[in-house]
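Reading through the structure tokens given below for one structure.
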Amino acid sequence: MNETSVATDATKDAGTTKDAKRSVAPGVRLGRLSFVWRPWMVLVTLLLTAATFLVFCVSIGVGDFPIGLSRVIATILGRGEQVDEFVIMDLRMPRALAGLVVGIALGVSGAITQSVARNPLASPDILGITWGAGAVAVFLVTVSGGTATAVVNSVGLSAAALAGGLGTGLLVYFLAWRRGIDGFRLILIGIAVSAVMQAITTWLLVKADIRDVARAQAWLVGSLDNRSWDEVRVALWCTLVLMAVVAAAAFQFKPIHLGDEIAAGLGVRHSRVRALLLLCAVLLAAVAVGAAGPVAFVALVAPQVAMRLVRFPTPPMVASGLVGALLLIGADLIARAALPNSLPVGVVTAAIGGPFLVYLLVRANLRQTDR
13 MNETSVATDA TKDAGTTKDA KRSVAPGVRL GRLSFVWRPW MVLVTLLLTA ATFLVFCVSI
73 GVGDFPIGLS RVIATILGRG EQVDEFVIMD LRMPRALAGL VVGIALGVSG AITQSVARNP
133 LASPDILGIT WGAGAVAVFL VTVSGGTATA VVNSVGLSAA ALAGGLGTGL LVYFLAWRRG
193 IDGFRLILIG IAVSAVMQAI TTWLLVKADI RDVARAQAWL VGSLDNRSWD EVRVALWCTL
253 VLMAVVAAAA FQFKPIHLGD EIAAGLGVRH SRVRALLLLC AVLLAAVAVG AAGPVAFVAL
313 VAPQVAMRLV RFPTPPMVAS GLVGALLLIG ADLIARAALP NSLPVGVVTA AIGGPFLVYL
373 LVRANLRQTD R
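The number in this note's numbering is simply the position in the sequence shown, starting from 1, with 12 added.
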């Protein structure tokens, strides 16, 4: 081997090493915390934040009394006129803020369930969590008598949906547990439980008084109409608490993507972390259902769109929440302003999410065919 060949090999090895360093994202350490710096993910997250805030302000300004974007922003910052403050803060802000909170809750919930099951079809809609929450709420609405009325007035649909979603999520989890959670088995059991909950809801609607049916049916579609500050505050605080728990457990959840054996070797108790995050996902979905009803397909679509935008192999939680909020607020804006007749937001999200579900099924089928 001559000197020329040695120099050539050294040059190739140096080039390979440089390419490897470029392909690996740099790490950042802050005290005991360390994370990977991904500039593209940060840029996309900032753009999604700006887009969500813009659509949020536009949605507030649209109505029978139109308000310009600059006046909406000035009012939000506390510099608006008295008339604008009344229209925005008292009449329109609860609806827009409910859409923001519900969209974030559904997006993060879908990102967690899809990451845990490692399947793009694993969302609270498919797993029956939203239908379980809706079934319990419909039960309280449709059961006649003074006792049921007192329960509805004191506890409210939010608490009923929270209890129903939690119970359904625990049922699906225990039925799917066989020395661990398999994504395919989880989805199959979730579909079965969802069908049962839909049947129970239909039976309750058939047996109920026609006035209670109208109220329950309007809520089941998924709507942001007539939201109050009390409902928004409950959903907001519950979402903030659950998001804090998710953020604390997210660092231990990342090694689980590499496999349970590797995660255990790194000292991660993967079963406990997975169960904790699934519990948070169930509660987030239940909070969203309690605030706006079972809005369809947001939890399914948002994580997949966010994953493609940030170019990441698993659904990113922050970006998924922002995409969910952007999707829900945008759908509500379309339902109120772009269509001839005002429709519930759940109708628009179903029209968007239905074709996307077909796309995911076709893509999964093509992958299996290629194998």
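Built from N, CA and C at the ideal position, the CB exists for glycine as well.
For residue i, the three-state DSSP class (helix, strand or coil)
| i | result |
| --- | --- |
| A261 | helix |
| F65 | helix |
| F77 | coil |
| L236 | coil |
| V307 | coil |
| R227 | helix |
| V155 | coil |
| R130 | coil |
| S35 | Any reading at S35 must be qualified, since the residue scores a pLDDT of 42, below 50, and its modelled position is unreliable; no value is offered. |
| T326 | coil |
| L334 | helix |
| D221 | coil |
| D344 | helix |
| D242 | helix |
| E93 | coil |
| S170 | helix |
| I212 | helix |
| P315 | helix |
| R50 | coil |
| P356 | coil |
| P367 | helix |
| G179 | helix |
| S82 | helix |
| G144 | helix |
| L2 | Residue 2 cannot be examined here, being either before or after the span of the chain that is shown, 13 to 383. |
| L291 | helix |
Chain-order list of residues whose beta-carbon lies under 7 angstroms from that of residue i (same chain, five-residue window excluded)
| i | result |
| --- | --- |
| S166 | Model confidence at S166 stands at a pLDDT of 43, short of 50, so the residue's coordinates are unreliable; what they give is reported in the following sentence. Result list for S166: empty, nothing under 7 angstroms. |
| A349 | V74 |
| I85 | C69 |
| G157 | Confidence at G157 is low in this model, with a pLDDT of 48, below 50, so its placement is unreliable and no value can be given for it. |
| F151 | L216 |
| S354 | A347, R348 |
| L378 | none |
| I203 | I138 |
| A63 | L338 |
Cβ-based neighbour list, residue i, same chain, cut-off 6 angstroms, excluding 5 preceding and 5 following
| i | result |
| --- | --- |
| L254 | C292, L295, L296 |
| G181 | I141, V294 |
| I346 | V360 |
| V370 | none |
| S170 | V246, G302 |
| M329 | V120, A123 |
| T154 | L216, A220, D224, A228 |
| R197 | A188 |
| I72 | V84, I100, R104, A108 |
Proximity below 8 angstroms, CB of residue i to CB of residue j
| i | j | result |
| --- | --- | --- |
| R236 | A110 | Rather than Arg, the amino acid found at residue 236 in this sequence is Leu. Yes, these two residues count as a Cβ contact at 8 angstroms. |
| V113 | T214 | no |
| Q229 | L217 | yes |
| L289 | I116 | no |
| R227 | R107 | no |
| A343 | A303 | no |
| S332 | G90 | no |
| V184 | R286 | no |
| A149 | G176 | yes |
| G146 | L232 | yes |
| I201 | L178 | no |
| L66 | G336 | no |
| V307 | V357 | yes |
| G305 | G234 | yes |
| V322 | M53 | yes |
| V76 | T87 | First, the residue type needs correcting, since residue 76 is Asp and not Val in the sequence shown. No, the Cβ-Cβ distance between D76 and T87 is not below 8 angstroms. |
| L174 | V299 | yes |
| Q94 | P327 | no |
| L372 | L133 | yes |
| T61 | L339 | no |
Sequence-distant residues of its chain with Cβ nearer than 8 angstroms to residue i (five each side left out)
| i | result |
| --- | --- |
| F368 | F309, L312, V313, Q316 |
| I199 | A129, N131, L133, A134, I138, L139 |
| P261 | With the sequence shown as reference, residue 261 is identified as Ala, and Pro is not the correct amino acid for it. Here the set comprises V285, L288, L289, C292. |
Residue i CB to nearest heavy atom of the ligand SAM below 7 angstroms
| i | result |
| --- | --- |
| G177 | As for the ligand SAM, it is missing from this structure, which has no ligand bound. |
### Message
Using a Cβ distance threshold of 8 angstroms, determine whether the region 132-140 contacts the region 206-215, with at least three qualifying pairs required.
### Response
yes
### Task
Decide if the region 49-62 is in contact with the region 85-101; the criterion is three or more beta carbon pairs, one per stretch, under 8 angstroms apart.
no
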